[in-house]
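Undergrad: Note that the sequence shown covers residues 288 to 679 in our numbering.
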Amino acid sequence: MRSVTVTLSAVVLFVGLAVSGIGTPVAEAQQASLAQTPPMGWNSWNKFGCDIDEQLIRDIADAMVSTGMRDAGYIYLNIDDCWMASERDAQGRLQVNSERFPGGMKALADYVHSKGLKIGIYSSAGTMTCQRLPASLDHEQQDAKSFAAWGIDYLKYDNCYNQGRDAVERYSTMKQALAATGRPIVFSICEWGSNRPWLWAPDIGNLWRTTGDIRDNWDRMMYILDQQVGLAQYARPGAWNDPDMLEVGNGGMTTTEYRTHFSMWCILAAPLLAGNDLRAMSNETKSILENKEVIAIDQDPAGIQGHKFRDDGDQEVWVKSLANGDKAVALLNRGMTRAFMAVEAIDIGLPKADRYQVRDLWQHRDHTSGGRIDAGVAPHGVALYRVHPMSD
Ligand code: GAL
C-alpha cells in the first residue's frame, strides 16, 4: 500500500498541474501522505474566539517567526470560526467577512506563505458553524474549490447544525471534495468524538477530535486525558487522535500544570496547536512550547501513540514507544502532595540491559540507571524521561 502511495505521488510530481483537480485517487493519495507526524501550528479559537481579524492573523504570522515557534515546527496558522461573512455571495460562494478581513483570504494566505508557514481555515459539516455563520453541508465542492483557490493548506471541519445526518457520509463528502481540488489539504475532523470517529475517521481525515472542547483549567484537561485511554491503537502516521488544542500560556493553569499538559499531549502523539497570544508570550510559556526534546517525543517518526501503563489512583505512568527503540516515560502526579514514583525499565518493555541512559526532558540532564526510573514529582506535575538501553 505504501509503495502504491509513493508511486502515485511521484506521478503527481512528474505530471504536475496538468492533472490537478482531475485525478481524484491521486489527490486522495496526496492527502494520505500529509501529516506523517502530528500537525503542529497555532489556532485562533482558544484565546481569541470570534475576535479575529486580518491584522491579528498577520501579527501572529510574524510572531510565529520571531518567537522561534515556526522553527520549532509550528507550521500551520489556523483561523477558526468567525472568518466568514453572514451570507454567501450571488453565486452561492462562501465569502470572508470583509470588515474583519478587508484584503480577502487569498492575500492573507499569500502573506502567511511568504513567512514560510501554511494556513488553515474552518467550516462545519452542517448548515451553520457553531457561531451561526454559513457552513459547508451540501456546499462541499463549491467551498473546497474556494479554499483551494485561496491557497488553504488545512481545513478544520466542525459538527454544528448537522441536521442529524450521518457523520461518515458528511465527512466523506468533504474528503472527496478536498481531494478533487488537487491541492493537498490536511483534513481535521471535529465531531467531538460523538460517533466513535477513531473507528472510521482514519480513512477519511488526518486527525479527529476525540472529545468535546478543552478549557483552560486542570480538571478539564485531566478529564480529556482520561478520555484518550484505549485510543492509541487507532493512531498512525497520517491519522491522529486529537485531544483538542493547547491551552499553554492562556493563564488558567500554573506553569507546572501547563508543563504537564504539554508533556501528556506529546506522549499522546497529539496534534500540537498552540492557542495562546504569541505576540505576548512569557519566557516560561515559550520554554514549554519550544522544548525541542519534548516536541521530538510527539513528532517521533514511528507515530506510535503512548498509553497509560499503570494507574495507582493519583499517580499514573504513561509510556510511548519511539522509533529508535527508546521509550518516553511520563510519571504523572495528579495529587495535591508531592509523590515519589518509580517504574522498572524492563516492565515497560525495554530490553534487559546493565545500564540505561535516562534523559530528563525538562531538566535537560542525563543520568545512568540500573533499571529503575524514578522521581519525586510535584503536585500536578510530571517527570518526563527518554530512556535508552546502553549496549556496552
Ligand atoms: C466547537 C469546536 C471548537 C471551536 C468552536 C468554534 O465546536 O469544538 O474547537 O472550533 O466550535 O465555534
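The beta carbon of each residue, even a glycine, is placed where N, CA and C say it ideally should be. Computed from a predicted model, the values in this text were never measured in an experiment.
(1) K763 and D440 look like a contact to me (Cβ under 8 Å); what is the Cβ gap, rounded to whole Å?
(2) Take R470 and list the residues in its own chain whose beta-carbon comes closer than 7 Å to its own, dropping the five residues that flank it on each side.
(3) Determine, using beta carbons only, whether T572 and G536 come nearer to each other than 8 Å.
(4) For S361, which three-state DSSP category applies?
(5) So what's T655 in DSSP terms, helix, strand or just coil?
(6) For the ligand GAL, any of its heavy atoms closer than 7 Å to the Cβ of D367?
(7) Alpha carbon to alpha carbon, how far is G668 from T624? Give it in angstroms, no decimals.
(8) How would you write the range of the beta strand (DSSP E) that I688 sits in, first residue to last?
(9) Could you tell me which whole beta strand (DSSP E) segments of length 3 or greater appear in the region 379-445?
(10) Looking only at its chain, what residues have a beta carbon closer than 7 Å to the beta carbon of N504, apart from the 5 residues adjacent to it on each side?
(11) For the ligand GAL, any of its heavy atoms closer than 7 Å to the Cβ of Q418?
(12) Tell me whether R566 is buried or exposed, calling it buried when 16 or more other Cβ atoms sit within 10 Å of its Cβ.
(13) Within 10 angstroms of its Cβ, does N446 collect 16 or more other Cβ (buried), or is it exposed?
(14) Among residues of its own chain, excluding the 5 on either side of W487, which ones have a beta-carbon nearer than 6 Å to its beta-carbon?
(15) Comparing C-alpha positions only, which one of A556, R502, P524, T542 sits nearest to Q515?
(16) At a threshold of 7 Å, does Y448 count as lining the ligand GAL (C-beta to nearest heavy atom)?
(17) Starting from Y643, follow the beta strand (DSSP E) in both directions and report where the run begins and ends.
(18) Keeping to the same chain, check which residues put their C-beta closer than 6 Å to that of G590; ignore five residues upstream and five downstream.
(19) Have a look at the DSSP bridge pairing and note the partners of L671.
(20) Is F627 buried or exposed, if buried means 16 or more other CB atoms sit within 10 Å of its CB?
TA: Checking against the coordinates, here is how it stands:
(1) Beyond the ends of the chain as shown, which are 288 and 679, falls residue 763; an answer cannot be given.
(2) A435
(3) yes
(4) Sequence check: residue 361 is Tyr here, not Ser. Looking at Y361 - three-state DSSP - the assignment turns out to be coil, as it is neither helix nor strand.
(5) strand
(6) yes
(7) 10 Å
(8) Nothing can be reported for residue 688: it is not among the residues displayed for the chain, which extend from 288 to 679.
(9) 405-411, 441-445
(10) G539, M540
(11) yes
(12) exposed
(13) buried
(14) V455
(15) A556
(16) no
(17) 642-647
(18) R523, P524
(19) A617
(20) exposed
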